């Protein structure tokens, strides 16, 4: 969907400004140059038809949607509490991408005009991602110990996405494509560390699990980050109501971890954990329902032309 | 300007403002944060490896050198190991000494661009050892006068090194001044007393099979010297001029069951001290001890510390505020930092470092950026002794002393 992740800040800023430009142009593209309103076709419709056309071409929608998401991380810079001579071993983390389900719920407010919609969708998102570190100590004979630190992060953000949608197809079933950007504000974060191990140094094989150690981790995450959005979906118009199946990919553009507080949690640092600098992507699938706000009256089908 | 145009302008301004707000608030990597505050544990995948850090120094490039002892197969003594990190605490290089030179002791001292410490050979004869900041090699210099069993050293620009050592044949605690070329300029021994009971804990200290004794040596602002060590059957604080046969004064402990676990001269007769007594630990951040000697006084009881805890006292200043940091080992297996006002002795704050694995203090220093670097031992997986460094930023330290 997106090209390789852009990591330098000037390019990120350019991306954001381009998105803004697209939003502005799209929102104003429905009028002719010079700001003059589009002329109505003379004599093409009677007065009622003109009113219907107005209604159909310009509408506010308000609704709710919710669903699930899967997270993917991209490491910008790796960090570790446990440091080794790199010639003898690595301390890199192993991330599990698109494995753990999160959820989200959004309030959607959209302004529709001639197949384009400008949409603001404040979203509560709960994302889950995890990684593990594996350490092994070996000695003579059967003297060896393997420890795996499984680190699970549960992060809650208030996301503020601005999205442009383009609808096409028929009236009953209307697919659409969407593009936009979002800003996210950290609400809450929790980390849980579970240690699993295999100890062959005590005269036998002992497999064990310790934990999880669960700690609040708000300080370890950035207060805000931003990203781009792309995706599509489909509306199913039922009377005045639009049912919505929506798929969007949120492509994180800035670091979600706190660079200043990376080692501030003694409990986590004590078990060898330091968060990498990373961006967070989300594949989100939502279902929802939208209601028209303008000219809502009995007997009128919002987009379902007779 | 009609309302449509106004709406468009407002809309554009809103979006642009939102974009700039988002960009302004995003978190960007900052190398400064990486160096200001970090925690690192230096691991070795060798099951049998054992690292026992002694002291830490900061190098001119902002990195760190950690002087360690490393257990040797087939020897009662430990060999030399030095770790070099960059300013963010990341592993850079290491220097592993051979079995020829053993028992490295602090302080690890920078003089010009060379870092010095004392060690001994297999015959327990003391050497002055040195490395450069890049760990290109270990240089050992025999002393001009034979001293054995080096225990601890300090440095000042007037005397050079002040070394406390143990003469097992004469059964003396020996205080000497040594130049950076290894010349012993002054030396004086003080009898520990007769009988195996007296030197047994000393030997156990050196071969690390017994309790680690809190040997310490230094110079007072008034020009006299002091050391903590065995004198006349007890672990004592002894004042000396390294000339007279008898000490200038002593503060006696109770054999090896009570004594000073750390001492830091503040002014002529003022000291920040820590004492141990039959397992209990006490801090006294503002104690008056006359050079002529006195009876040992106790201060605040610290029941959270392990029995007869290893204690380090560090003096520091932030923004004209002088404070003292006591660092010690807690029963919760953490490194406890206890901050006191130097002027009043008032307790300011505490902070505990480490979790899950056991952590023990080795030493702490003030860093060039005004923070603290705390070096210690952690036992990874509860069993592998490894070096750890906690770097606290100046802001963290400042908030601790407010």
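Protein chains in written order, with my numbering: chain A, 234 to 539; chain B, 877 to 1278.
Heads up, the beta-carbon is just placed ideally off N, CA and C, and yes, glycines get one too.
Everything numeric in this text was worked out from a predicted model, so none of it was measured.
So residue 1167/B packs on residue 1125/B, CB below 8 Å; how close in whole Å? Counting from one through the second chain, the residue named residue 1167/B turns up at place 291. Counting from one through the second chain, the residue named residue 1125/B turns up at place 249. About 5 Å separates the two Cβ atoms, so the contact holds.
Is there at least one non-hydrogen atom of the ligand PLP closer than 7 Å to the beta-carbon of residue 502/A? Because no ligand of any kind appears in the structure shown, any question about the ligand PLP cannot be addressed here.
Where residue 256/A and residue 1254/B are concerned, what is the direct C-alpha to C-alpha distance, given to the nearest angstrom? Here residue 256/A is taken as the residue at index 23 of the first chain, counted from 1. Here residue 1254/B is taken as the residue at index 378 of the second chain, counted from 1. Legend: pLDDT at residue 256/A = 48, less than 50; position of this residue unreliable, no value from coordinates given.
Using the beta-carbon of each residue, which ones in chain A are nearer than 8 Å to residue 1039/B? For the purposes of this step, residue 1039/B is taken as the residue at position 163 of the second chain. Those within 8 Å of residue 1039/B in chain A number zero; the least Cβ separation is about 33 Å.
Could you say which of 1249/B, 919/B, 1060/B, 1037/B lies nearest to residue 1188/B if we only look at CA atoms? To locate residue 1188/B, count along the second chain from 1; it is residue 312. Nearest Cα to residue 1188/B within the set 1249/B, 919/B, 1060/B, 1037/B: 1249/B.
Runs of beta strand (DSSP E) lying entirely within the region 1212–1274 of chain B, each at least 3 residues, in chain order: Whole beta strand (DSSP E) segments, 3+ residues: 1223–1229, 1235–1242, 1248–1256, 1260–1268.
Extent of the continuous beta strand (DSSP E) run through residue 980/B: Reading the second chain from its first residue, position 104 is the one you call residue 980/B. 977–987 is the extent of the beta strand (DSSP E) around residue 980/B.
Need the endpoints of the alpha helix (DSSP H) that residue 839/B sits in, please. With chain B covering only 877 through 1278, there is no way to say anything about residue 839/B.
Limits of the alpha helix (DSSP H) - the one that residue 909/B falls within: By one-based count along the second chain, residue 909/B stands at place 33. Judged by DSSP secondary structure, residue 909/B falls within the alpha helix (DSSP H) whose first and last residues are 907–912.
One question on the structure: do residue 356/A and residue 392/A come within less than 8 Å of each other, judged by their Cβ atoms? Counting from one through the first chain, the residue named residue 356/A turns up at place 123. Counting from one through the first chain, the residue named residue 392/A turns up at place 159. For residue 356/A and residue 392/A, yes; Cβs fall inside 8 Å.
Hey, how far is the Cα of residue 374/A from the Cα of residue 309/A? Within the first chain, numbered from 1, the residue matching residue 374/A stands at position 141. Within the first chain, numbered from 1, the residue matching residue 309/A stands at position 76. Inter-residue distance for residue 374/A and residue 309/A is about 40 Å (C-alpha atoms, whole angstroms).
At the 8 Å Cβ level, is residue 970/B part of the contact set with chain A, yes or no? In the second chain, the residue the question calls residue 970/B occupies position 94. Between residue 970/B and chain A, the shortest Cβ-Cβ separation is below 8 Å.
Flag this pair as yes or no: are the beta carbons of residue 352/A and residue 327/A separated by less than 8 Å? Here residue 352/A refers to the residue found at position 119 of the first chain. Here residue 327/A refers to the residue found at position 94 of the first chain. Not a contact, by the Cβ cut-off of 8 Å.
With distances taken Cα to Cα, identify the nearest neighbour of residue 930/B among 1271/B, 1263/B, 1272/B, 1100/B. The count along the second chain starts at 1 and reaches residue 930/B at position 54. Nearest C-alpha to residue 930/B: 1263/B.
Neighbour flag for residue 1137/B against chain A, beta carbons, 8 Å: Against the second chain, residue 1137/B aligns to sequence position 261. False, the Cβ-Cβ gap to chain A never drops below 8 Å.
Thinking residue 1045/B and residue 1028/B are a contact (beta carbons under 8 Å), I'd like their distance in whole angstroms, please. Taking the first residue of the second chain as position 1, residue 1045/B is located at position 169. Taking the first residue of the second chain as position 1, residue 1028/B is located at position 152. In this structure, residue 1045/B and residue 1028/B do not form a Cβ contact; the two beta carbons are roughly 20 Å apart against a cut-off of 8 Å.
Cutoff 7 Å; reference residue 492/A; Cβ partners in own chain excluding five residues on either side: Residue numbering aside, residue 492/A sits at position 259 when the first chain is read from its first letter. So the list reads 510, once near-sequence residues are dropped.
Residue 417/A - DSSP class collapsed to helix/strand/coil: In the first chain, counting from the first residue as 1, residue 417/A sits at position 184. Strand, per DSSP.
Check whether chain B comes within 8 Å of residue 526/A, counting only Cβ atoms and requiring the distance to be less than that. Reading the first chain from its first residue, position 293 is the one you call residue 526/A. Residue contact with chain B for residue 526/A: absent (no Cβ-Cβ distance below 8 Å to any residue of chain B).
Compute the Euclidean distance between the alpha carbons of residue 983/B and residue 305/A, then round it to the nearest angstrom. Taking the first residue of the second chain as position 1, residue 983/B is located at position 107. Taking the first residue of the first chain as position 1, residue 305/A is located at position 72. Cα to Cα, the separation comes out at about 49 Å.
Taking 8 Å as the threshold (beta carbon to beta carbon), is residue 1276/B in contact with chain A? Taking the second chain and counting its residues from 1, one reaches residue 1276/B at position 400. Answer no: the Cβ-Cβ gap between residue 1276/B and chain A never drops below 8 Å.
Stretch pair the region 390–408 of chain A + the region 937–947 of chain B: three plus CB contacts closer than 8 Å: Touching, no, given that fewer than three Cβ pairs across the two stretches are closer than 8 Å.
Does DSSP put residue 267/A in a helix, in a strand, or in coil? For the purposes of this step, residue 267/A is identified with residue 34 of the first chain, where counting begins at 1. A caution first: residue 267/A carries a pLDDT of 41, below 50, which makes its placement in the model too unreliable to give a value.
Compare the C-beta of residue 932/B against all C-beta atoms of chain A and say whether one is closer than 8 Å. Along the second chain, read from residue 1 onward, the residue named residue 932/B stands at position 56. Residue 932/B has a beta carbon lying at 8 Å or more from every beta carbon in chain A.
Residue 342/A, enclosing alpha helix (DSSP H) - first and last residue: On the first chain, residue 342/A is found 109 positions in, with the first residue counted as 1. Note, residue 342/A: premise wrong, no alpha helix (DSSP H); beta strand (DSSP E) at 334–346.
Using the C-alpha atoms, what's the distance from residue 980/B back to residue 1158/B? As a first step, residue 1158/B is located in the second chain; it is residue number 282 there, counting from the start. As a first step, residue 980/B is located in the second chain; it is residue number 104 there, counting from the start. Going by the C-alpha atoms only, they are around 28 Å apart.
Name, please, each residue of chain B whose Cβ falls closer than 9 Å to the Cβ of residue 504/A. Along the first chain, read from residue 1 onward, the residue named residue 504/A stands at position 271. Simply 1231, 1232, 1233.
Is there a C-beta anywhere in chain A that falls below 8 Å from the one on residue 1261/B? Taking the first residue of the second chain as position 1, residue 1261/B is located at position 385. It does not: the Cβ of residue 1261/B has no partner Cβ on chain A nearer than 8 Å.
One or two residues paired with residue 1112/B in a DSSP bridge: Here residue 1112/B is taken as the residue at index 236 of the second chain, counted from 1. Partner(s): 1105/B.
Against chain B, does residue 382/A count as a neighbour if the rule is that its beta carbon must be under 8 Å from one of theirs? By one-based count along the first chain, residue 382/A stands at place 149. No, residue 382/A lies away from the interface with chain B (no Cβ there is under 8 Å from its Cβ).
So residue 304/A contacts chain B; which residues on that side make the cut at Cβ distance below 8 Å? Locating residue 304/A in the first chain gives position 71, where the first residue counts as 1. For residue 304/A, none of the residues of chain B pass the 8 Å Cβ criterion, the least Cβ distance being about 18 Å.
At the level of alpha carbons, what is the spacing between residue 924/B and residue 950/B? Numbered from its first residue, the second chain carries residue 924/B at position 48. Numbered from its first residue, the second chain carries residue 950/B at position 74. Distance from the CA of residue 924/B to the CA of residue 950/B, rounded to the nearest whole angstrom, comes to 13 Å.
Which residues in the same chain have their Cβ closer than 6 Å to the Cβ of residue 1098/B, if we skip the five residues on either side of it in sequence? As a first step, residue 1098/B must be located in the second chain, where it is residue number 222. So the qualifying residues of the chain are 1144.
Let me confirm a value: residue 1267/B is counted as buried when at least 16 other C-beta atoms fall within 10 Å, else exposed. Which label applies? For this step, residue 1267/B is matched to residue 391 along the second chain. Flag for residue 1267/B reads buried.
Using CA atoms only, rank isn't needed, just tell me which of 1113/B, 1247/B, 1200/B, 1043/B is closest to residue 1225/B. One-based indexing of the second chain puts residue 1225/B at position 349. Among 1113/B, 1247/B, 1200/B, 1043/B, the Cα nearest to that of residue 1225/B is on 1200/B.
Let me see if you follow: with CB-CB separation under 8 Å, is residue 966/B close to chain A or not? In the second chain, the residue the question calls residue 966/B occupies position 90. Yes, contact with chain A.
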